[in-house]
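So the sequence shown is numbered by the working numbering: it starts at 541 and just counts up by one.
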Amino acid sequence: MPPVSEQKIIVCTALHKKKFGFIDVLKAAGDSRNVEFFSSDIFEDEQCDLPFIGKKKAHVLLHKVTGEMVEANADLPSKEQAARALDRLHDIVSETKCVEVDSRSDIEPLVRRTTMWGVIRKIESRAPNLVKAPRQRTLCGALVRKVGESANTLLTTVDGAKKLQSLLFALEKGSSSSYIVKTSLACGTSDSHKMALVKFTPDSAVATLPKMEGAMLANPSKEEDEWDIDTVVAQEYVSHGSSFLKVYVIGDQVTVQVRRTLRFEEDEGGTANAICRVNSADIGKQPGQFLDATDSRQAKCEDVAKVIRGETGLGLFGFDLLEEDGTDKLVLVDINYFPGYKGVPGVADAIIDYVLTKLAISEERANDEDKRGQKRRLSLEH
Numbered sequence: 541m542p543p544v545s546e547q548k549i550i551v552c553t554a555l556h557k558k559k560f561g562f563i564d565v566l567k568a569a570g571d572s573r574n575v576e577f578f579s580s581d582i583f584e585d586e587q588c589d590l591p592f593i594g595k596k597k598a599h600v601l602l603h604k605v606t607g608e609m610v611e612a613n614a615d616l617p618s619k620e621q622a623a624r625a626l627d628r629l630h631d632i633v634s635e636t637k638c639v640e641v642d643s644r645s646d647i648e649p650l651v652r653r654t655t656m657w658g659v660i661r662k663i664e665s666r667a668p669n670l671v672k673a674p675r676q677r678t679l680c681g682a683l684v685r686k687v688g689e690s691a692n693t694l695l696t697t698v699d700g701a702k703k704l705q706s707l708l709f710a711l712e713k714g715s716s717s718s719y720i721v722k723t724s725l726a727c728g729t730s731d732s733h734k735m736a737l738v739k740f741t742p743d744s745a746v747a748t749l750p751k752m753e754g755a756m757l758a759n760p761s762k763e764e765d766e767w768d769i770d771t772v773v774a775q776e777y778v779s780h781g782s783s784f785l786k787v788y789v790i791g792d793q794v795t796v797q798v799r800r801t802l803r804f805e806e807d808e809g810g811t812a813n814a815i816c817r818v819n820s821a822d823i824g825k826q827p828g829q830f831l832d833a834t835d836s837r838q839a840k841c842e843d844v845a846k847v848i849r850g851e852t853g854l855g856l857f858g859f860d861l862l863e864e865d866g867t868d869k870l871v872l873v874d875i876n877y878f879p880g881y882k883g884v885p886g887v888a889d890a891i892i893d894y895v896l897t898k899l900a901i902s903e904e905r906a907n908d909e910d911k912r913g914q915k916r917r918l919s920l921e922h
């Protein structure tokens, strides 16, 4: 096989159709760099013709698909169809020997916020002087259903919000902490963007809330808790300024955008309790300002990105950092594989550079393995 620089590189993208517009940008950039992109929605078109299995063999596979995402994705028209699509994806990798830009095993821990928190804790242990993890509590799906709700109604309805306040107040034994509550599934569905900000103060009007105690709070069966569609996580709210840092990573390129943060709003009654229900996808549509290289926060974010790469093995990801009031610590609250990269300067060429680097490294390893194999064969012959 000719070196990467001397051949046309075929990249297959197995992504949801909402990413197709972005793939068109990659296609346009690839035309001038001898890189050809194909796109297929393997979820919605059961009979989709994956061109890289037929006449053209893909060198690289770019995707954002995991078994957990398929299992929990209520938006899919057919679970069976999605499972078959995942099987096809597995066959593509094994039959064509193409290189996955980032592997499913590396992506999967970030699909659920329950497992993502474990990753964040490990990152904190790697760099305790640089970044910290927020305190987090999991409300398992069995408990959510026990109080007569689902993850969706808990986060989007008035009655569900009151029960959410009661659960947290009782489980935290009257703590005055505030929380941001999210679905366990972190990506792949519209519900994964829904969240509620729950505020408590010492004089909270708890008498107005439903009682949650005794048998109601008994620990339900833990069977499949973290994979339960109704499981939610409650992150302790971190006091910070009016903005947060949205960081986009493409290989070694780290771009930092300052975005307006989520804020608490008092309810109509003006009580000490407050719930603000938001959709993080809407927050993402707000304009932000990119940091330049002279901002000290840029270097810190680059250091955090390096630690995340080392822990996860990923090269295409984003993460959110809060600047905690009263300290110089950055609080890592979210990591997202293959984010939208909207507005990131030079994003198409940066992704192509990363893809070509991954392919070159893979080929170098394969060549090294061939050489070692030849040496072993020669030593056996003599």
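By construction, the Cβ of each residue, glycine as well, lies at the ideal position given by its N, Cα and C atoms.
Going by DSSP, what residue range makes up the alpha helix (DSSP H) through residue i?
i, result
"G850", "S836 to T852"
"L831", "Element bounds for L831: n/a, residue is neither H nor E."
"A696", "The sequence shown places Thr at residue 696, not Ala. Looking at the DSSP string, the run of the alpha helix (DSSP H) that includes T696 is A691 to T696."
"G791", "Where G791 is concerned, there is no enclosing alpha helix (DSSP H), given that its DSSP letter is neither H nor E."
"R644", "R644 to I647"
"G681", "G681 to K686"
Which residue's Cα is closest to the Cα of residue i: the options?
i, options, result
"Y719", "Q676, Q838, H780 and A682", "Q676"
"H733", "G700, V773 and Q705", "V773"
"S717", "K662, Y777, V671 and L896", "Y777"
"Y788", "V738, Q838, F857 and K722", "F857"
"L725", "I563, F578 and I875", "I875"
"E534", "G828, D642, K662 and I549", "The question about residue 534 has no answer here: the residues shown for the chain are numbered 541 through 922."
"K869", "A710, G883 and D843", "D843"
"L694", "A667, L896, S836 and I769", "I769"
"E635", "K597, M656 and R666", "K597"
"E731", "E851, D893, S919 and N692", "Contrary to the premise, residue 731 reads as Asp rather than Glu in this sequence. Cα-wise, what sits closest to D731 is N692."
"N487", "R905, L896 and Q914", "Summary: the structure shown does not reach residue 487, with the chain confined to residues 541 through 922, and so no result is reported for it."
"A710", "I901, I660, A736 and L679", "L679"
"S643", "K722, P879, G853 and G883", "G853"
"G791", "E712, F878 and R661", "F878"
"V698", "S665, A682 and A736", "A736"
"V551", "R666, L920 and I892", "I892"
Once you ignore the five residues that flank residue i on each side, which residues in its own chain have a CB closer than 8 Å to its CB?
i, result
"C801", "Before going on, a small fix: residue 801 reads as Thr here, not Cys. Result list for T801: H780, G781, S782, S783, F784 and L862, in chain order."
"P885", "T795 and F830"
"K840", "L670 and L870"
"G658", "P649"
"M656", "P649, L650, A726, D874 and I875"
"V639", "H599, V600, L601, K898, L899 and S902"
"L918", "none"
"E664", "V671, K672, A673 and L872"
"G561", "none"
For the beta strand (DSSP E) that residue i lies in, which residues bound it at each end?
i, result
"R573", "That residue, R573, is in no beta strand (DSSP E); it is neither H nor E in DSSP."
"F549", "One detail in the question is off: residue 549 reads as Ile in this sequence, not Phe. I549 to A554 is the extent of the beta strand (DSSP E) around I549."
"A667", "First-last for A667: undefined, no H or E at that position."
"H780", "Neither: H780 is in no beta strand (DSSP E) and is coded neither H nor E."
"D874", "L870 to Y877"
"E863", "L856 to E863"
"A673", "First-last for A673: undefined, no H or E at that position."
"K734", "K734 to K739"
"V721", "Y719 to T723"
"V600", "V600 to H603"
Can you name, in chain order, every residue of its own chain whose Cβ lies under 7 Å from the Cβ of residue i, other than the five neighbours on each side?
i, result
"V873", "P674, Q775, D860 and L862"
"G809", "Unreliable positioning characterises G809 in this predicted model, as indicated by a pLDDT of 43, which lies under 50. A coordinate reading is not provided."
"S690", "V684 and D770"
Within the same chain, show all residues whose beta-carbon is closer than 6 Å to that of residue i, passing over the 5 residues directly before and after it, in chain order.
i, result
"V687", "K703"
"D889", "A569"
"Q797", "K786, G828 and F830"
"Q793", "A890"
"I660", "A673 and L872"
"Y894", "I790, G791 and G855"
"V887", "Y881"
"K567", "F577"
"R666", "V847"
For the putative contact between residue i and residue j, defined by C-beta atoms under 8 Å, what is the C-beta separation to the nearest angstrom?
i, j, result
"L601", "V565", "So it is not a contact: roughly 19 Å between Cβ atoms."
"K722", "R799", "Going by Cβ atoms, the distance from K722 to R799 rounds to 17 Å, so no, they are not a contact pair."
"K662", "E864", "Wrong, their Cβ atoms sit about 20 Å apart, outside the cutoff."
So does the segment 831-840 actually touch the segment 639-650, counting three or more Cβ pairs closer than 8 Å?
No, the segment 831-840 does not touch the segment 639-650.
Looking at C-beta atoms only, is the number of pairs between the segment 842-850 and the segment 662-671 that lie closer than 8 Å three or more?
Enough Cβ pairs lie closer than 8 Å, so yes.
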